[in-house]
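Just below is one structure, and these are the notes that go with it.
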Amino acid sequence: MNTTLKTSIEKLISHKLLTKEDFVALLNHNCIELRNELAYHANLQRKQHYGRKVYIRGLIEFTNYCKNDCFYCGIRCSNQNAIRYRLSKEEILTCCEKGYALGFRTFVLQGGEDAYFDDFRMTEIIRSIRKQFPDCAITLSLGERTTESFKALLDAGANRYLLREETACEEHYQKLHPSHMSYQQRMQCLFTLKELGYQTGCGFMVGSPFQTPEMIANDLLFIQDFQPDMVGIGPFIHHDHTPFGNEPDGSIDDTLLLLSIVRLIKPDILLPATTALSTLAANGREQGILAGANVIMPNLSPDNVKPQYALYQGKAYSGMEAAEQIALLKKQMTEIGYEIVTDIGNPSHISSLS
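Letter by letter, the sequence shown follows residues 808 to 1161 of our numbering.
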């Protein structure tokens, strides 16, 4: 082990600020020994803040319409093969009712940037969920909106907002998105969400086209500086009906290393083991938890639309990804030494919903 790598590991596990060179050293020396060492320390930190708890979020993918044309995404507006759908408020509430009965205390409303769901419709949906399920958290993942819109949704009862920047390198961002989409606007939205008082989440793809270790280091530097409440990262997986349809998928091993690194950067982070991990490996979810993740998001969407929210090829949405399999999921987590809990699952530094 060279001196640079050893120093980087020591800084990471002792909670010192890392430089770009430190992160690059870790990324360039990814091996099972390094992953095991960082996973060990990541789990120590997670247990200090959360014990062996794994929080479940009920994912409701309520629209696959999107105005954007991101080069990696299967629901991009120019994909004529996509079968589009929107859930009604009543259908969304039915998903919440089913989830509540199964033990979910956080609902995640995720969709494309769909102008149909303007502030009027979204605030009505959020208020209805808040009224019917006052003891639950509401997380939104709706893409970029105006400051006024973010505030309206917060005032209506939303608590958390996940907005993945996908890359913290502007040059890389421009290679993944059409020219009219703005890296600066995306990043400003993240700062706005935090300033407004949301529990704010960011995140990025691992192994996306044109990505280099230096670019991933920028992502980690951003997380270190921004100090989000949650981070969503997962491997890039291609979709046939996109410009990146022939690009290789991201690496599970790289993703696992990064989960451990993110946990060590911010020990009380809420960190999902994403569906993308389960899509690439049958035990991807367990591997993610063992690497430092502490959140799982089973799918509460109606069965008839689950296949249509296809951000990438072969997305897992049945089996353990289905919310109805909660009993088996609990057994699965118990077998690796963790427990599913019925809890809104705030970051450890936040005692209650605002």
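Note that the Cβ used here is the ideal one computed from N, Cα and C, for glycine as well.
Being a predicted model, the structure only gives us computed values, none of them experimental.
Problem - Exposure label - M1022; buried when at least 16 CB within 10 Å - result: By 1-based counting over the sequence shown, the position of residue 1022 is 215. Answer is buried; the Cβ neighbour count reaches 16.
Handout entry: With 16 other Cβ atoms within 10 Å as the buried cut-off, status of P1035
Key = Counting from 1 along the sequence shown, the entry for residue 1035 is found at position 228. Buried, by the Cβ-count rule.
Handout entry: Cβ-based burial, D829 [other Cβ within 10 Å; buried from 16]
Key = Taking the sequence shown and counting its residues from 1, one reaches residue 829 at position 22. Buried: at least 16 other Cβ atoms inside 10 Å.
Handout entry: Distance CB(G919)-CB(T953) smaller than 7 angstroms
Key = Walking along the sequence shown from the start, residue 919 turns up at place 112. Walking along the sequence shown from the start, residue 953 turns up at place 146. Not in contact: G919 and T953 (Cβ atoms no closer than 7 angstroms).
Practice task
Could you tell me which residues DSSP puts in a beta bridge with T946?
Solution key: The residue you call residue 946 lines up with position 139 of the sequence shown. V915, R967.
Problem - Among I867, D1150, A849, nearest to P1114 - alpha-carbon criterion - result: Counted from its first residue, the sequence shown places residue 1114 at position 307. Taking only the C-alpha atoms, the option nearest P1114 is I867.
Handout entry: Same chain, Cβ closer than 7 angstroms to A849, five either side skipped, listed in chain order
Key = As a working note, residue 849 is residue 42 in the sequence shown. Contacts found: S1067, R1070, L1071, A1098, G1099.
Exercise for the section: Give the straight-line distance between the Cα atoms of R859 and G1091, rounded to the nearest whole angstrom. Expected result: For this step, residue 859 is matched to residue 52 along the sequence shown. For this step, residue 1091 is matched to residue 284 along the sequence shown. Each residue's alpha carbon lies about 18 angstroms from the other.
Problem - A1123 versus L1084, D1150, I1096, residue with shortest Cα-Cα distance - result: Along the sequence shown, read from residue 1 onward, the residue named residue 1123 stands at position 316. Selected option, being the one with the closest Cα: L1084.
Handout entry: Euclidean distance between Cα positions of I816 and L825
Key = As a first step, residue 816 must be located in the sequence shown, where it is residue number 9. As a first step, residue 825 must be located in the sequence shown, where it is residue number 18. The alpha-carbon atoms of I816 and L825 are separated by roughly 10 angstroms.
Practice task
Whole angstroms is fine: what's the gap from S922's alpha carbon to L1064's?
Solution key: Numbered from 1 along the sequence shown, position 115 holds the residue referred to as residue 922. Numbered from 1 along the sequence shown, position 257 holds the residue referred to as residue 1064. The identity of residue 922 in the sequence shown is Ala, whereas the question assumes Ser. Cα to Cα, the separation comes out at about 37 angstroms.
Problem - Alpha-carbon spacing of N1170 relative to Q887, whole angstroms - result: The structure shown does not extend to residue 1170, since the chain is modelled only from 808 to 1161, so the question has no answer here.
Handout entry: Per-residue DSSP class, three states only, for G1008
Key = Counted from its first residue, the sequence shown places residue 1008 at position 201. Here G1008 sits in strand by DSSP.
Exercise for the section: Would you check if the segment 1017 to 1032 and the segment 971 to 989 touch, i.e. whether three or more CB-CB distances between them fall below 8 angstroms? Expected result: yes
Handout entry: Burial state of D1110, where buried means 16 or more other Cβ atoms lie within 10 Å
Key = As a first step, residue 1110 is located in the sequence shown; it is residue number 303 there, counting from the start. Exposed.
Handout entry: Same chain, Cβ closer than 7 angstroms to Q1120, neighbours up to 5 away in sequence not counted
Key = Here residue 1120 is taken as the residue at index 313 of the sequence shown, counted from 1. I1044, H1045, H1046, D1047, listed in sequence order.
Problem - 6 angstroms CB neighbourhood of A965 in its chain, flanking five on each side removed - result: Counting from 1 along the sequence shown, the entry for residue 965 is found at position 158. These residues qualify, in order along the chain: I933, I945, L947.
Exercise for the section: Going by CA-CA distance only, name the one from K827, A1089, Q917 that's closest to Y1116. Expected result: Against the sequence shown, residue 1116 aligns to sequence position 309. Nearest C-alpha to Y1116: Q917.
Practice task
Please go through the same chain and pick out, in chain order, the residues whose beta-carbon is closer than 6 angstroms to the beta-carbon of D1026, but skip the five residues on each side of it.
Solution key: For this step, residue 1026 is matched to residue 219 along the sequence shown. Hits under 6 angstroms: A975, F1011.
Problem - CB of C1009 within 7 angstroms of CB of E973, strictly - result: The residue labelled residue 1009 in the question sits at position 202 within the sequence shown. The residue labelled residue 973 in the question sits at position 166 within the sequence shown. No, Cβ-Cβ distance for C1009 and E973 is not below 7 angstroms.
Exercise for the section: For my contact list, N875 and R883 are in at a C-beta cut-off of 8 angstroms; report their separation, rounded to the angstrom. Expected result: Indexing the sequence shown from 1 puts residue 875 at position 68. Indexing the sequence shown from 1 puts residue 883 at position 76. Contact holds; Cβ gap of about 7 angstroms.
Exercise for the section: Please report the Cβ distance between N1101 and L1077, rounded to the nearest whole angstrom; I am assuming they are in contact, meaning their Cβ atoms lie under 8 angstroms. Expected result: For the purposes of this step, residue 1101 is identified with residue 294 of the sequence shown, where counting begins at 1. For the purposes of this step, residue 1077 is identified with residue 270 of the sequence shown, where counting begins at 1. Their Cβ separation, rounded to whole angstroms, is 7 angstroms, which keeps N1101 and L1077 in contact under 8 angstroms.
Handout entry: Three-state secondary structure assigned by DSSP to K860
Key = To locate residue 860, count along the sequence shown from 1; it is residue 53. Residue state, collapsed to three classes: strand.
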